[in-house]
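Here the structure is laid out as structure tokens; the discussion comes afterwards.
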Amino acid sequence: MLEQWLKQIPMKHWTPNKDSLLCSDHFTENCFDKSAFQVRLKSDSVPTRFGDPQTACIICKQKRSHESMHSFYFLSNIFIFLCM
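Under our numbering, the sequence shown has 743 at position 74, and the numbering climbs by one with no breaks.
Here it is in structure tokens:
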């Protein structure tokens, strides 16, 4: 799964670590399981939404386009949800 993520993220010379973040803007709506109290990234989700590679962020420091932003930590092949 990690290899699929790395193929999709348009960053050269970057390797994610346990502190790396990726915001929810990089995923389509069908990548999430939503309940009344939380939003979780599905385990088979792969980020596919990126803008111009020149302006792509390393740890999602781009302008946040909406208030309900969620970030997801990389952890080897497991991605842990962090509710902000």
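C-beta atoms are modelled at their ideal positions from N, C-alpha and C, and glycine is treated no differently.
(request) Taking Arg718 and Asp694 to be in contact with their CB atoms under 8 Å, please state how far apart those CB atoms are, rounded to whole angstroms. (result) With a beta-carbon spacing of about 6 Å, Arg718 and Asp694 fall inside the 8 Å limit used to define contacts.
(message) Could you pull the DSSP bridge partners for Val708 from this structure?
(response) Lys703.
(message) If I measure Cβ to Cβ from Asp702 and keep anything under 7 Å in the same chain, skipping five residues before and after, which residues do I get?
(response) The beta carbon of Asp702 sits closer than 7 Å to the beta carbons of Arg709 and Lys711 from its chain, once the five residues preceding and following it are set aside; these are given in chain order.
(message) Using the Cβ count rule (16 or more neighbours within 10 Å means buried), how would you classify Phe696?
(response) Buried.
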